Amino acid sequence: MRRGLGGGLTLAVLGALVATPPPTPPLAEVTGTYVWRHHAPRFGGLSAIELEPDALGFIVVSDSAAFFSGRFTRGADGEVVGATVGEAVLPVSWHGTPLQDWMDDAEGLAFAPDGGIYVSYESWDRIVHYGPGGRGWKDEAGPDEFAAFPANQGIEALAVDAAGRVLAIPEVPPHGGDTPVYRVSGKKARVIFTLRHDRDWSSTGADIGPDGRLYLLERGFWPFLGFASRVRRITLDHDRVAADVVIWQSEPGHHDNLEGIAAWQDAAGGLRLTMVSDDNFLPVQKTEIVDLRMTE
4 MRRGLGGGLT LAVLGALVAT PPPTPPLAEV TGTYVWRHHA PRFGGLSAIE LEPDALGFIV
64 VSDSAAFFSG RFTRGADGEV VGATVGEAVL PVSWHGTPLQ DWMDDAEGLA FAPDGGIYVS
124 YESWDRIVHY GPGGRGWKDE AGPDEFAAFP ANQGIEALAV DAAGRVLAIP EVPPHGGDTP
184 VYRVSGKKAR VIFTLRHDRD WSSTGADIGP DGRLYLLERG FWPFLGFASR VRRITLDHDR
244 VAADVVIWQS EPGHHDNLEG IAAWQDAAGG LRLTMVSDDN FLPVQKTEIV DLRMTE
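So the sequence shown is residues 4 to 299, counted in the numbering used here.
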């Protein structure tokens, strides 16, 4: 009986994977992986990452709402091989007081045009504008449109386009169907386009690349096998999706729970992607950095 049940589960899992096949051939390749160990309070549970133009300076945000900034060391192929990390920066509310537990589930991160950062939070769904490095509260928005999000499935990914406009993407579509992409302006949000939603995948991170395209990181999870990740490259024509291509997909269990993504350009003009995982502060998981290079 156990063997038969296991076989059934295996077939079901394989069927799910076949339903969302990886690109053949992939349009991006892994240049390196790095297990990031940093023994400091609140480090871990990394949900998002942003890179300076040199791809060495970074800021990450944790599920604990702490920000960590520092510098990466990269190897000959552009892959992360080490990191120097500064002290944790703990964000404050509009009252200037530390965030309470029920309001500190940070998920998305994007550089703001003024040098500060935007951060999206779940549980109490909102986007907050902080100063550089996460220091100092500037403003925040909790549009009415965000009230429809299921619990713990709010705005997971943030990106800022060349015009400085904030794009916000929820983990799953709040009403089924396709995934809405919101443009957030002041206290208001409106859907400017939608993205195809495949039921086995949920949005976890996004960034606008140097090429002006939107890169969306998605996660899948299969019991007994683990997490899988994939990256979609979305070409926009104003507010219309002109092309949407899966450029890379991992096998279940090959990488940890990748949640954050940052796009950058190397010295040769090639496009690179750096991703970071959320270990959920669990000893059975790890904080992992995965670097990709576009091959197309």
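Yeah, the Cβ is synthetic: ideal placement off N, Cα and C, and Gly gets one too. These figures come from a predicted structure and were not determined experimentally.
Residue environment, residue i, which counts as buried when at least 16 other CB atoms sit within 10 Å
i	result
Glu32	exposed
Asn260	buried
Phe75	buried
Pro101	exposed
Thr298	exposed
Gly263	buried
Asp107	buried
Gly167	exposed
Gly256	exposed
Val248	exposed
Trp267	buried
Leu295	buried
Asp128	buried
Pro146	buried
Trp204	buried
Glu82	buried
Gly272	exposed
Gly118	exposed
Start-to-end residues for the beta strand (DSSP E) that takes in residue i
i	result
Phe75	Phe70 to Arg77
Lys141	Trp140 to Ala144
His132	Arg129 to Tyr133
Gln103	Counting along the chain, Gln103 falls outside any beta strand (DSSP E), and DSSP gives it neither H nor E.
Val92	Run containing Val92: none; DSSP gives neither H nor E here.
Phe114	Asp108 to Phe114
Gly60	Gly60 to Ser65
Asp3	Residue numbering for the chain in the displayed model covers 4 to 299; residue 3 lies beyond these limits and cannot be assessed.
Asp210	Ser205 to Ile211
Own chain partners of residue i with C-beta closer than 6 Å, once the 5 adjacent residues on each side are dropped
i	result
Ser253	Ala231 and Ser232
Gln156	Glu174 and Val175
Lys191	Pro146
Identity of the residues DSSP links to residue i by a beta bridge
i	result
Pro183	Thr197
Pro288	Residue identity differs from the one stated: residue 288 is Gln in this sequence, not Pro. DSSP, once it has assigned bridges, lists no residue as partnering Gln288.
Thr87	Arg74
Arg236	Tyr218 and Val248
Gly263	Val279
Arg40	The partner list for Arg40 (beta bridge, DSSP) is empty, contrary to what the question assumes.
Arg2	Any question about residue 2 goes unanswered here, given that the chain covers just 4 to 299.
Pro173	Ile158
Phe224	Phe230
Ser123	Gly111 and Ile130
Arg243	Asp240
Spatial neighbours of residue i in its chain, beta-carbon cut-off 7 Å, leaving aside the 5 residues before and after
i	result
Val293	Val33, Thr36, His258, Leu261 and Met278
Gly136	Ile62, Phe70, Ser72 and Val92
Gly47	Ser65, Asp282, Phe284 and Thr290
Asp80	Thr34 and Gly35
Arg236	Arg216, Tyr218, Val248 and Ile250
Nearest residue (CA-CA) to residue i, options the options
i	options	result
Val38	Pro44, Ala86, Pro56 and Ser67	Ala86
Ile62	Ala115, Glu53 and Ala68	Glu53
Ala58	Arg77, Phe70, Ala69 and Leu49	Arg77
Val92	Gly157, Gly229 and Ala68	Ala68
Ala115	Phe152, Val163 and Asp128	Val163
Arg222	Ile237, Pro213 and Ser206	Ser206
Thr197	Asp203, Arg186 and Lys190	Arg186
Ala109	Pro177, Leu49 and Leu274	Leu49
Gly60	Gly272, Ala265 and Val287	Ala265
Ser96	Val83, Glu90, Gly119 and Glu143	Glu143
Pro177	Lys191, Pro153, Val194 and Arg193	Pro153
Pro56	Val287, Ala270 and Leu239	Ala270
Gln103	Gly89, Gly118, Val194 and Ser126	Ser126
Lys141	Arg243, Val184 and Pro94	Pro94
Val194	Phe149, Leu228, Pro29 and Arg45	Phe149
His42	Glu90, Pro29, Leu239 and Leu30	Glu90
Tyr133	Gln288, Pro29 and Gly99	Gly99
Thr238	Val84, Pro226 and Pro213	Pro213
Sequence-distant residues of the same chain with beta carbon closer than 8 Å to residue i, five excluded per side
i	result
Ala165	Ile211 and Gly215
Leu161	Ala51, Gly111, Leu112, Ala113, Tyr121, Val122, Ser123, Ile130, Val169, Leu170, Ala171, Ile172 and Ala209
Leu17	Per-residue confidence for Leu17 stands at a pLDDT of 49, beneath the threshold of 50, marking its modelled position as unreliable; the derived number appears in the next sentence. Contacts found: none.
Ser188	Arg168 and Val169
Arg40	Thr290
Arg199	Asp181, Thr182 and Asp247
Within-9 Å CB hit, residue i to chain C
i	result
Val194	Structure shown: chain C not included; a single protein chain is present.
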